[in-house]
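Read the structure below first, then the notes.
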Amino acid sequence: MDANASAASNLEGGDAPLLELIGVTKAFPSIVANNDVSLSVFSGEIHAVLGENGAGKSTLMKLIYGVLAPDSGRIRWQGREVVIGAPAQARSLGIGMVFQHFSLLESLTVAENISLTMPGEKPRGLEQRIVEIGGRFGLPIDPRALVHSLSVGQRQRVEIVRCLLQQPRLLIMDEPTSVLPPTGIPALFETIRRLASDGCAILFISHKLEEIRALCQRATVMRGGRVIATVRPAEETNETLARLMIGRDIPTAARRPPRPAAAPALQLRSLDYEPADPFGTTLKNIDLTVKPGEIVGIAGVSGNGQRELAAVLSGEATLPRPLRASLLIAGAPCGDWGADRRRRLGLAFVPEERNGRGAVPEMSLTKNSLLTAHRLDMIRRGMIAFAQVRAYAEACIKDMDVRCSGPSAEARSLSGGNLQKFIIGREIGLKPKILIVSQPTWGVDVGAAAAIRRRIVELRDSGAAVLAISDELEELLEIADRIHVIFRGRLSPTLAREEADGALIGGYMTGGFVAAHDARKAVTA
Amino acid sequence: MIRAPWTIEPRLGGAGRSALIAPLAAMFVTVLVGAAITSSLGVSPFRALYYLYIAPFSTLFNFGEVLLKTAPLLLIAQALAIGFRAKIWNIGAEGQLILGAIGGSLLPIFFNDSDSILMLPGMVALGMACGMLWAAIAAWLRVRFNANEILVTLMLNSIALQLLYYLVSGPLRDSTGYNFPQSVQFPDSAMLPLFITGTRLNASLLVGLAATAFAWFFVERSMIGYKLEVGGAAPNAARYAGFSETQAVWLSLLIGGAAAGLAGVFEVAGPLGQLQRVVSPGYGFSAIIVAFLGGLNPIGILFAALFVAVIFVGGDISQTSAGVPYAVNTVLQGVLLVSYIAARLFVDYRVRLRAPLRFERTQLQWRP
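Protein chains in written order, with this note's numbering: chain A, 412 to 936; chain B, 78 to 445.
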């Protein structure tokens, strides 16, 4: 309450802002990313920056954090005009940033990574503090784990802990809740509120309107590189915020009840899987059935085996031949088959990582279409029919409203959300019998996320079996017909859409099902 | 943390336009360094430049020599580039070339009086098979035991050389040749037809050009070439799409082995006319430089092969005409590779000076 009170007094025109941007403009060759943007943040204030992908939020944060330099406009820090030439300089001012895309070196440990941005600190000396701060803020992390073995969610924890260790006066958080379980969000908010009450200002970037309304005192809404409005979120509704943000109402998916067929399209039977990566999660005794015409969701805190499960299902990881019958596609045992053979049975897959896995960063969208769509009559006597490939890429771009310069654009030139739209379009365009999709809307803006979810539901209605793995529970509650929760490599019993409520799933996410599940298995065995 | 006063940032886009800058810069530096080295040995820089870079074009015979050396470089570099794009590093073309020369020599040595028209095709088939066999050792070790193909192919070079020494000193030695470590002279039926009279240039250049056309189609148009490229650019994407890494390893190494083996046959069936202790002035290694200098692009490799061949011939001429040591040749190839790699850094990345830090660390209120 103190925080709110002091911030409120600041807002009434007491102290000077901690950070003030006046008429900042930043243009790139093809787009004006920030156009005459003004923004002020006060000590102790939790300030939201709200906008769709491409609205200019990330560019604005990069200007504040010294990654980019503005073309024009002024930045004031504690009333003094400053030029922030580099992130190190921003950090020395007391500005910390938790990026959405992580800046961690994969081959180093957590502590080593953090020591890189802490002048004069030895990794060994930091370990204790990492554990301590992680414990206090509900961000458990093993300081000696190698970063390459961490999941996306765990990596973000490292980024948050790294910033907190530097005792920032202004903390920029880019979509920080996207990797937390619902049960973890109140703890993070508590952390943020405590930071604010100690005088730290928070710039909170998110597209989750509920969260912004619950947490933030003010929100700056951006659209097309401009500030559209600065509002008090508590006085707004989700609908009014969304309308400000995208300039129109969000389309909601009309939803019909599922009509699953009898024969399962995809089945796991007592699957046990030990990943090659020693830091990976071992999958234990997983039973899962996905029928044509239904969407099954896998919820859970990231790092509980989602990655391993997706790899086993997609064929990127294969099972030893004796265990091939633990995975059935349309009734056929194929656990030992590679991704190519499984795809021939009508399986399509959208992975969690877009660049480097779902797409080749250096290649054009045309060539990236070929990656999985080459089966659609695109190869003649071993030669690529580029006209067809290009047409397919153009269709994906048009269909999913991918913002890019055309099919010749390199995959890496697209924003994460746009590339995801392209990959989803490519996989759905294959007309799969089974679609496995991992983190379908991670980092995708509200409007595009709604479009992606609608397409997934349409695919279900056309008779495909869909398995959606997501860290965002709201998303699964919106699209899935049944939900499982994964916890430490074990899968909970299935919950129908109607019986899945926050409390029950929250309990499952922390392992509440394991004991009961084992007991039931023992009885039936 | 050490803070360098500069940062290195990737340049996005515009790759097509600047693709020529790095190789041209590397060639320019090599020309200058060549002049500097030879003039430091007491040859005037202009004479040095003339011998190294002009003389190779001065007579028909010399130019024929350039093209004669272009052929194996072109053939091998095109094949290696296919593997390099897939990030399969075959450093063993020299050994595969030696095996090809050995395999190609068997028929003319054991059927020395034959004038069959099947002689040359048979030599080509045997030589390519031997080159592929040598590369297959590395491929099998990589696929079966995950043995690093760089080390295996590199070490197989030395083994191939010792095998050659043994064979030309023993089993394949010309028994009437006064104990010289070389085989009998090949019959005419085992020799490549000459191309232009007054030169030693033979049909191998045509094969090199055909390999270039084949490589272009393979890289730009074929699905297999695409799969290899994906495997090199983004291994996780290849795994995601279900492109086999095993296939990529086998294919890359076998293509390299076949091309190097063929180049080996062309050496013994061309300028040498017999199997000797030295069958290659290092074409297998120089082809690696050619592949990179050409930007792993089939068309670029064509010009790169020509340039490296000029260095070979220019080095020869400098040695005979001006007494410059032959080692200059090797040095220049090294300079070429290093300056190309250095130039690539500046083409692909932008070096930006950073503003010095101007602010003291602010005293903070909040402590974790």
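C-beta: ideal position from N, C-alpha, C; glycine also.
Proximal residues of chain B, C-beta to C-beta of residue i below 8 angstroms
i: D751 (chain A); result: A318, G319, F320 and S321
i: G769 (chain A); result: A314 and Y317
i: P762 (chain A); result: Y317
Rounded distance between the beta-carbons of residue j and residue i, thought under 8 angstroms
i: V857 (chain A); j: M529 (chain A); result: Between M529 (chain A) and V857 (chain A) the Cβ distance is about 36 angstroms, and since that is not below 8 angstroms, they are no contact.
i: I623 (chain A); j: A859 (chain A); result: About 18 angstroms; that fails the 8 angstroms criterion.
i: A759 (chain A); j: L825 (chain A); result: Not really, about 20 angstroms apart at Cβ, beyond 8 angstroms.
i: S903 (chain A); j: I880 (chain A); result: About 14 angstroms separates the two Cβ atoms, so there is no contact after all.
i: P100 (chain B); j: G285 (chain B); result: With 8 angstroms as the limit, P100 (chain B) and G285 (chain B) do not qualify as a contact, their Cβ atoms being about 19 angstroms apart.
i: S526 (chain A); j: E517 (chain A); result: The pair is not a contact, with the Cβ atoms about 16 angstroms apart (cut-off 8 angstroms).
i: A346 (chain B); j: L269 (chain B); result: 5 angstroms
i: T470 (chain A); j: N445 (chain A); result: 5 angstroms
i: I165 (chain B); j: A337 (chain B); result: Not really, about 14 angstroms apart at Cβ, beyond 8 angstroms.
i: V761 (chain A); j: G749 (chain A); result: At roughly 18 angstroms, the Cβ-Cβ gap does not stay under 8 angstroms, so V761 (chain A) and G749 (chain A) are not in contact.
Residue i: contacting residues in chain B (beta-carbon distance under 9 angstroms)
i: R566 (chain A); result: Result: empty, since nearest Cβ-Cβ is about 16 angstroms, beyond 9 angstroms.
i: R754 (chain A); result: A318 and G319
Separation of residue j from residue i, as counted between CA atoms
i: A287 (chain B); j: A237 (chain B); result: 27 angstroms
i: R899 (chain A); j: T693 (chain A); result: 8 angstroms
i: E423 (chain A); j: F453 (chain A); result: With a pLDDT of 46 at E423 (chain A), under the threshold of 50, the modelled position of that residue is not reliable, and the figure given next carries that caveat. Their backbone Cα atoms lie some 11 angstroms apart in a straight line.
i: W488 (chain A); j: L870 (chain A); result: 51 angstroms
i: L422 (chain B); j: A224 (chain B); result: 30 angstroms
i: P185 (chain B); j: R316 (chain B); result: 46 angstroms
i: K457 (chain A); j: L330 (chain B); result: Here the sequence assigns Ile to residue 457 (chain A), which means Lys is not the residue at that position. Distance between the alpha carbons of I457 (chain A) and L330 (chain B): 59 angstroms.
i: L888 (chain A); j: G923 (chain A); result: 19 angstroms
i: V509 (chain A); j: Y130 (chain B); result: 57 angstroms
i: T579 (chain A); j: A216 (chain B); result: Note on identity: in this sequence residue 579 (chain A) is Pro, with Thr being the wrong assignment. Answer to the nearest angstrom: the Cα atoms are 53 angstroms apart.
i: T107 (chain B); j: L137 (chain B); result: 24 angstroms
i: V356 (chain B); j: A148 (chain B); result: 15 angstroms
i: I863 (chain A); j: N234 (chain B); result: 55 angstroms
i: I916 (chain A); j: E886 (chain A); result: 13 angstroms
i: M78 (chain B); j: A132 (chain B); result: The pLDDT assigned to M78 (chain B) is 43, lower than 50, so where the model puts this residue is not dependable, and the model offers no usable value.
i: L652 (chain A); j: R629 (chain A); result: 12 angstroms
i: L452 (chain B); j: R427 (chain B); result: Shown here, chain B extends from 78 to 445; a query on residue 452 (chain B) therefore has no answer.
i: P668 (chain A); j: A612 (chain A); result: 46 angstroms
i: P733 (chain A); j: A875 (chain A); result: 29 angstroms
i: Q262 (chain B); j: Q351 (chain B); result: 5 angstroms
i: I159 (chain B); j: A335 (chain B); result: 13 angstroms
i: N279 (chain B); j: Y684 (chain A); result: 60 angstroms
i: E705 (chain A); j: I790 (chain A); result: 33 angstroms
Contact list for residue i against chain B, beta-carbon separation under 7 angstroms
i: E773 (chain A); result: A310
i: R814 (chain A); result: Here the premise fails: no neighbours, minimum Cβ distance about 16 angstroms.
i: H785 (chain A); result: M300
Within chain C, the residues that residue i reaches when beta carbons sit closer than 7 angstroms
i: L781 (chain A); result: Although the question refers to chain C, the structure presented lacks it and instead comprises the protein chains A and B.
Worksheet item: Any contact of the stretch 390 to 397 of chain B with the stretch 165 to 178 of chain B, i.e. 3+ C-beta pairs under 8 angstroms?
Response: no
Worksheet item: Counting Cβ pairs closer than 8 angstroms, one from the stretch 317 to 331 of chain B and one from the stretch 339 to 353 of chain B, do we hit at least three?
Response: no
Fill in: Contact residues within the stretch 294 to 312 of chain B, judged by C-beta distance below 7 angstroms to chain A
Of all residues in the stretch 294 to 312 of chain B, R298, S299, M300, I301, Y303, V307, A310 and A311 have a Cβ within less than 7 angstroms of some Cβ in chain A.
Worksheet item: Counting pairs of beta carbons, one from the stretch 673 to 684 of chain A and one from the stretch 643 to 654 of chain A, are three or more of them closer than 8 angstroms?
Response: no
Fill in: Segment contact flag, the stretch 766 to 776 of chain A with the stretch 800 to 820 of chain A, C-beta cutoff 8 angstroms, min 3 pairs
Touching, yes, given that three or more Cβ pairs across the two stretches are closer than 8 angstroms.
Discussion item. When you compare the stretch 466 to 476 of chain A with the stretch 493 to 505 of chain A, are there three or more beta-carbon pairs, one atom per stretch, that lie closer than 8 angstroms?
Written reply: yes
Worksheet item: What are the residues of the stretch 705 to 739 of chain A that lie near chain B, defined by any Cβ-Cβ distance shorter than 8 angstroms?
Response: Correct list: S725, G726 and E727.
Worksheet item: Looking at chain B, which residues of the stretch 791 to 810 of chain A have a Cβ within less than 7 angstroms of any of its Cβ atoms?
Response: If the cut-off is 7 angstroms between Cβ atoms, the stretch 791 to 810 of chain A has G793, M794 and I795 near chain B.
Worksheet entry | Contact between the stretch 547 to 567 of chain A and the stretch 519 to 528 of chain A (3+ Cβ pairs under 8 angstroms) | yes
Worksheet item: Is the stretch 754 to 772 of chain A touching the stretch 824 to 838 of chain A in the sense that three or more CB pairs, one from each, lie closer than 8 angstroms?
Response: yes
Worksheet item: Would you call the stretch 364 to 384 of chain B and the stretch 392 to 407 of chain B touching, i.e. three or more CB-CB distances under 8 angstroms?
Response: no
Worksheet entry | Any 3 or more C-beta pairs closer than 8 angstroms across the stretch 788 to 802 of chain A and the stretch 298 to 308 of chain B | yes
Fill in: contact_flag[the stretch 355 to 371 of chain B, the stretch 164 to 171 of chain B] where n(CB pairs < 8 angstroms) is 3 or more
yes
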